[in-house]
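To start, the structure under review is shown below, and the notes come after it.
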Amino acid sequence: MGHTPGEVAAFTSGETRLVYAARKDAPTGPLVLLEDNTALEMREYAKAHLRCFVAECPTPEFTTVARRSGRDGFKHLTGGGHSEESLFHKQGKHALLGWLARRHPEVDARLEVSLLPVVNRRADVLAVHPTGERVALEVQYSHLELAEGSESWAARTRDYQDAGIAPVWILGHRGVHFTDRRDGTVALGALGRAILEAGMPLWWVNPILGTVAVPYVISHVGERMFQLRPTSETRAVHLWVDSLDTLTLTGAGVHSPRLDFLDQQRRAHDDALAAARAHEATAEAERNKQAALAAKNAAQRAQHVAAKAARLERALRERLRAQEQRWLESSMRANVLAAHGNTIPAHLDVTPSADAIWAHHQHWQALVFGHVMLNHIGDTVTVRDCLSVLDEHRIQYNADAHRDCPGSG
Ligand SMILES: [Zn+2]
C-alpha cells in the first residue's frame, strides 16, 4: 500500500545521471537514450558519434559508464559540471518525448515549440492530437513564482488555457518541488498545491528511470482504508511509482489508470462514510429508545411500589379498625369497664413496642391478664400460657415477637 522510505528515496535518487546524449551529426535533433545495461556495448559508438546535449558545453565528448548498482549512463570524458537542474530538465523533456513516441505515435510531439502568434509562450513539449487538440507539457525542476509576474505559474497556465491549449505541469523528482520526508511520504509544496487547487492531477517525473510518481493520501473509515486523491489542503502524500508508459495523453491532459482507481476509492470511501453515519444514527436512535424504555419501566416500578405501599397501609388501617371494633364489641371490655368504674386501667393499656399481636392491645392484655395472670397469682406464668389464651380466642400473633406478652422473660 504505502511506499517505504526506501522506495521514495529510490525515486528521487540523488545522482545526476545522464541517460541521454545528442548526436554529433545532428546536435539539435532528437536525443539518444542509453538503455540500461548497454554501457559496454555502446561505449565505442558513444565516443565516436554522441556528445553532451548542452549546446554550449566546452567539453562535449561522452563515454558510457556501467554501474553494478543503479542504472548505466553517459559521462563526460572530461569536464561536465552542468547544473543538476538543467540536466534533469532537459532529460525530463526527452523522457516525455520518448513516452509520447512509444505510446502515442499518432500524436505530433515536439520540443520547445513557439506558440506565436497565438500566445507568446514556448512549451517544453507541445503535443498535437490528430483531432487538433493541443496539450502543453511543462517539466518543472526550478523554482517558479506562483502568481507574481508574466512568467509565473498562474500567468503561463492562464495563457495556455486562453489559447485553447491544455497545460500539464510535471514536477521534477529532485530539487525544490520534491521534499522526501523520509517516512515514506513526500511533502507538498506551494506549486503542487496550486496545481491541485486548479483541479489538475499532480505528477513527478524521473527521466533517468523513466518513471512517474502518482500521489495519493490514505483515509480510514472505521477499519477500512481508502486511497484518495490529494487536495490543496494536503500536507504530505504517498506515491505510486510507475513506468511513464502507464500514462496516456488525452485531449485534456495526461491520464493514469491510478486516477480511475483513486476515483473508485473516493466513491467507496464516501459510501462507507455515509453507511457509517447512518449506522451511527441508527445506534443513537436505538440507544434513545432503550433509555426511554428504561425510564418508563422505572416509572412503572415506582408506581407499583407506591401502589403496594398504599395497599398495605390501607390493609393495616382496616385491620386496626376491625381489631378496635372487635374490642369495642367484646364482652371482655364490658366486664373490664364494669370492674374498673367504666375505665380501662393502666395495666391493661400498655402501648406495645411492636405490632406483633393482631388485636387491639387493650383486648389481648385484658385476655392475658384475666385468663392467665389472675389464675396464677404468686405462680409462674409461661409465654406458652399467654399464647394459648390468644389461640383460644382466635387472635393471630407473630410467635417470634413475644416480648410484649406481659409476664414473659
Ligand atoms: Zn556537457
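Take the sequence shown: its letters are residues 489 to 897, numbered as in our numbering.
Glycine included, each C-beta is placed from N, C-alpha and C at the ideal position.
All values derive from a computational prediction rather than experimental measurement.
| query | result |
| --- | --- |
| Segment contact, 8 angstroms Cβ cut-off, at least three pairs: the region 661-670 with the region 608-623 | no |
| Contact under 8 angstroms by Cβ, Leu-690 with Trp-587 | no |
| Integer Cβ distance of Gly-580 from Leu-522, believed to fall under 8 angstroms | With 8 angstroms as the limit, Gly-580 and Leu-522 do not qualify as a contact, their Cβ atoms being about 16 angstroms apart. |
| Rounded straight-line distance, which links the Cα of Ser-707 to that of Cys-545 | 49 angstroms |
| Segment limits, beta strand (DSSP E) that includes Glu-774 | First-last for Glu-774: 745-817, but that is the alpha helix (DSSP H), not the beta strand (DSSP E). |
| Touch test, the region 672-687 against the region 511-525, Cβ-Cβ under 8 angstroms, three pairs minimum | no |
| Close beta carbons around Gly-897, own chain, < 6 angstroms, minus the five adjacent residues each side | With a pLDDT of only 35 at Gly-897, under the threshold of 50, the placement of this residue in the model should not be trusted, and no figure is reported. |
| Which listed residue (Arg-531, Leu-761, Val-793 and Val-542) has its alpha carbon closest to that of Ala-510 | Val-542 |
| Classification of Ile-658 by the beta-carbon crowding that lies within 10 angstroms, buried from 16 upward | buried |
| Proximity below 8 angstroms, CB of Leu-836 to CB of Ala-854 | yes |
| Buried versus exposed, by CB contacts within 10 Å (16 or more), Arg-717 | buried |
| Secondary structure of Phe-550, DSSP reduced to three states | strand |
| Every unbroken alpha helix (DSSP H) inside the region 598-660 [4 residues or more] | 641-650 |
| Three-way DSSP call (helix, strand, coil) for Ile-706 in this model | strand |
| Cβ shell of Thr-736 (< 7 angstroms), same chain only, five flanking positions each side left out | Arg-591 and His-743 |
| The region 666-674 / the region 633-647 touching (three or more Cβ pairs under 8 angstroms) | no |
| Between the CA atoms of Ala-787 and Pro-840 - distance to the nearest angstrom | 37 angstroms |
| Residue(s) in a DSSP beta bridge with Gly-561 | Val-553 |
| Outcome for Val-700 when other beta-carbon atoms lying within 10 angstroms are tallied against a minimum of 16 | buried |
| Counted within 10 angstroms of its Cβ, other Cβ atoms place Gln-850 as buried (16 or more) or exposed | buried |
| Cβ-based neighbour list, Gly-895, same chain, cut-off 6 angstroms, excluding 5 preceding and 5 following | Because the pLDDT of Gly-895 is 45, which lies under 50, any placement of that residue in the model is unreliable, and the number read from its coordinates should be weighed accordingly. Only Val-869 meet the Cβ criterion. |
| Continuous beta strand (DSSP E) stretch holding His-726: start and end | 724-731 |
| Tyr-508: first and last residue of the uninterrupted beta strand (DSSP E) it sits in | 508-511 |
| Beta-carbon spacing of Leu-442, Thr-504 below 8 angstroms | In the structure displayed, the chain extends from 489 to 897; residue 442 sits before or after that span and is not available. |
| Cα-Cα separation, Thr-831 to Leu-800 | 33 angstroms |
| Same chain only: Cβ atoms within 8 angstroms of Phe-749, ignoring 5 sequence neighbours per side | Gln-715 |
| Residue from Ala-534, Val-507 and Glu-572 with nearest C-alpha to Glu-549 | Ala-534 |
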